[in-house]
Structures are given as C-alpha cells and as structure tokens.
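Asks: Take this structure first; my questions come after.
Protein chains: 2
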Amino acid sequence: MNALLLVAHGSRRERSNDEIRELTERLRKANRDFDVVDCAFLELAEPSIPDGLRQLIANGASRVVVMPYFLSAGRHVVDDIPGDIEIVAREYPDIEIHQAPYLGAATEIIELLLKQAVT
Amino acid sequence: MNALLLVAHGSRRERSNDEIRELTERLRKANRDFDVVDCAFLELAEPSIPDGLRQLIANGASRVVVMPYFLSAGRHVVDDIPGDIEIVAREYPDIEIHQAPYLGAATEIIELLLKQAVT
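Those sequence lines, one after another, are chains A and B.
By the numbering used here, the letter at position 73 of the first sequence is numbered 75, and the numbering carries on one by one without gaps.
By the numbering used here, the letter at position 109 of the second sequence is numbered 111, and the numbering carries on one by one without gaps.
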C-alpha cells in the first residue's frame with residue numbers, strides 16, 4: 003500500500019491546522035497515485051510526523067512519501083523532517099519512507115505566483 | 003508603471019532570504035504583466051514592506067500588486083501585510099496598491115503537490 007503524508011509546520015492557531023487538514027482532504031480526492039493520503043505536523047499540532055508515519059504503517063502502508071508543505075529549505079526541511087523519518091525508519095526497516103522535494107522547490111511556483119498576481 | 007512586490011516572512015537564516023531574492027529574479031525574468039518585480043519582508047530581513055513599496059513608488063510605480071508568499075491565511079496575511087500596505091497607501095493616496103491572494107490560496111497547489119510527490 004502506497005501512502006502520502008503531507009507534513010506542515012503546525013500552528014498555535016487551530017484554524018491554520020484545519021486548513022492543512024482540509025488541503026489533505028482535497029489531495030485525497032484529487033490523487034490517483036496513492037492509496038492513502040494523510041497529514042502530520044512538525045510541532046504544535048497532532049499527529050506528529052513519527053505518529054503519522056506509524057499510523058500509516060499500522061494501516062498497511064508499505065511505502066510512504068513524505069511531502070514537506072514548506073516554502074523554504076530551512077532547518078525544518080533539511081534536518082527536522084529527515085530526523086523524524088529516521089526514527090520511524092529504524093523501527094520499521096522493511097518500510098520504504100521517502101522524502102519528496104518541499105513545495106517551494108517546485109519550478110511551477112513561478113507560474114503559479116504570476117497567475118495569482120493578476121487575478 | 004505596474005509593479006509586483008513579492009512579500010515573504012523573512013528569516014534569521016540569510017540563506018532563506020536569499021532564496022526569496024533568487025525567486026524574485028526568476029519571477030522578473032518569467033513575467034510579462036509587470037514592469038518591475040521586487041521583494042520585501044514582513045520581518046527579520048530588508049527591505050520592510052513599507053520600504054519596498056516606497057522604493058517602487060519612488061521608481062515610478064503607479065500600481066503595485068503585493069503578493070504574499072505564504073501558505074496559510076494566518077495573522078500575517080490577514081492583519082500584518084494589510085497594515086503595512088495601509089501605512090504607505092496613506093502616504094501616497096494616488097497610488098493603487100492591491101494585495102493578491104496568498105500563494106496557499108491557489109487551487110493549483112493540489113496538482114503541484116501531487117506532481118512533486120511522485121517525482
């Protein structure tokens with residue numbers, strides 16, 4: 003079973019966390035490549051990244067793509083998310099966990115910004 | 003003269019601010035709707051949003067689109083950026099300053115995430 007875990011920073015403002023949950027719901031409906039789509043948070047909201055991964059694995063995921071919903075390649079993307087993945091990768095050596103490029107790395111961001119700017 | 007001001011949060015990590023400046027350079031090259039494209043930061047980096055706007059106006063901009071490079075509609079997008087715009091709008095009542103929807107509001111984010119997830 004192939005799973006996608008969208009990872010966001012997490013906020014003290016619950017409305018922002020709910021925005022991520024709604025986005026996850028839209029991803030779930032739009033996607034054709036993953037059997038399961040879920041979300042997790044680096045901090046300040048639940049589930050944590052390790053708990054999100056463990057839940058997907060408990061539900062039968064054999065491969066998980068972790069997608070950082072971040073705009074910059076800061077410490078969170080470079081150190082913290084890989085660190086969280088590593089914790090679970092050691093617990094489940096047979097599960098393939100792969101970190102996708104963070105959103106801000108997408109070259110299409112340029113077009114998208116320019117499109118938003120003229121709406 | 004029609005200007006675009008990309009507004010990012012700003013970071014203590016200068017590399018992240020430079021990422022925004024590089025993105026602005028790419029926007030400048032790719033864009034066909036704006037005569038000038040520049041960036042500004044809400045905090046922690048220069049120029050500030052008011053200073054970025056004032057610079058564009060000093061250089062001849064008569065209309066500025068402010069594009070929030072943010073993923074969630076938090077306090078920054080809802081209060082802080084409009085507040086900064088308002089300061090400059092009062093100084094220059096003849097200049098049209100318009101805040102575009104923040105990046106995370108783009109419906110195309112869904113496709114983009116799914117595309118990034120399978121690369």
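Where a beta carbon is used, it is the ideal one built from N, C-alpha and C, also for glycine.
Short of 9 Å Cβ to Cβ, which residues in the segment 70–96 of chain A face chain B?
Replies: Y71, F72, L73, S74, A75, G76, R77
Asks: Give the DSSP bridge partners of E98 (chain A), in chain order.
Replies: For the purposes of this step, residue 98 (chain A) is taken as the residue at position 96 of the first sequence. Beta-bridge pairing links E98 (chain A) to A:R65.
Asks: Under a Cβ-count criterion, where at least 16 other Cβ atoms within 10 Å of its own Cβ denotes burial, should D35 (chain A) be classed as buried or exposed?
Replies: Locating residue 35 (chain A) in the first sequence gives position 33, where the first residue counts as 1. Answer is exposed; the Cβ neighbour count stays below 16.
Asks: Take every Cβ of the segment 43–54 of chain A, pair it with every Cβ of the segment 11–18 of chain A, and state whether three or more of those distances are shorter than 8 Å.
Replies: yes
Asks: Residues of chain B with CB closer than 7 Å to the CB of E110 (chain A), please, in chain order.
Replies: The residue given as residue 110 (chain A) occupies position 108 in the first sequence. Within chain B, the residues near E110 (chain A) are L114.
Asks: Quick one: give me the first and last residue of the beta strand (DSSP E) that L73 (chain B) is part of.
Replies: Sequence index remark: in the second sequence, residue 73 (chain B) carries index 71 (1-based). Run containing L73 (chain B): none; DSSP gives neither H nor E here.
Asks: CB A5 (chain B) to CB V38 (chain B), shorter than 7 Å?
Replies: If you number the second sequence from 1, residue 5 (chain B) lands on position 3. If you number the second sequence from 1, residue 38 (chain B) lands on position 36. Yes, Cβ-Cβ distance for A5 (chain B) and V38 (chain B) is below 7 Å.
Asks: Would you identify the three-state DSSP class for V39 (chain A), choosing helix, strand or coil?
Replies: Reading the first sequence from its first residue, position 37 is the one you call residue 39 (chain A). Three-state DSSP puts V39 (chain A) in a strand.
Asks: My guess is that I97 (chain B) and I59 (chain B) are in contact by the Cβ rule of under 8 Å, so how many angstroms apart are they, rounded?
Replies: Translated into positions along the second sequence, residue 97 (chain B) becomes position 95. Translated into positions along the second sequence, residue 59 (chain B) becomes position 57. With 8 Å as the limit, I97 (chain B) and I59 (chain B) qualify as a contact, their Cβ atoms being about 6 Å apart.
Asks: Who are the near neighbours of G85 (chain B) in its chain, counting only those whose CB is closer than 6 Å to its CB and skipping five residues on each side?
Replies: In the second sequence, the residue the question calls residue 85 (chain B) occupies position 83. No residues qualify anywhere along the chain.
Asks: Based on the DSSP output, what are the partners of N33 (chain B) in its beta bridges?
Replies: By 1-based counting over the second sequence, the position of residue 33 (chain B) is 31. Per DSSP, none; premise fails for N33 (chain B).
Asks: For A42 (chain A) and chain B, any beta-carbon pair shorter than 7 Å?
Replies: On the first sequence, position 40 is the one that residue 42 (chain A) refers to. Answer no: the Cβ-Cβ gap between A42 (chain A) and chain B never drops below 7 Å.
Asks: Interface residues of chain A around E21 (chain B) at Cβ under 8 Å?
Replies: Residue mapping note: residue 21 (chain B) aligns to position 19 of the second sequence, counting from 1. The answer, in chain order, is S74, A75, G106.
Asks: With a cut-off of 8 Å on the beta carbons, I'd call I83 (chain A) and V68 (chain A) a contact; round off their distance for me.
Replies: Within the first sequence, numbered from 1, the residue matching residue 83 (chain A) stands at position 81. Within the first sequence, numbered from 1, the residue matching residue 68 (chain A) stands at position 66. At roughly 7 Å, the Cβ-Cβ gap stays under 8 Å, so I83 (chain A) and V68 (chain A) are in contact.
Asks: Using the beta-carbon of each residue, which ones in chain A are nearer than 8 Å to R65 (chain B)?
Replies: The count along the second sequence starts at 1 and reaches residue 65 (chain B) at position 63. Ordered by position in chain A, no residue passes the 8 Å Cβ test against R65 (chain B), which lies about 12 Å from the chain.
Asks: Is there at least one Cβ from chain A nearer than 7 Å to R30 (chain B)'s Cβ?
Replies: In the second sequence, counting from the first residue as 1, residue 30 (chain B) sits at position 28. For R30 (chain B), the answer is no, since every Cβ of chain A falls outside 7 Å of its Cβ.
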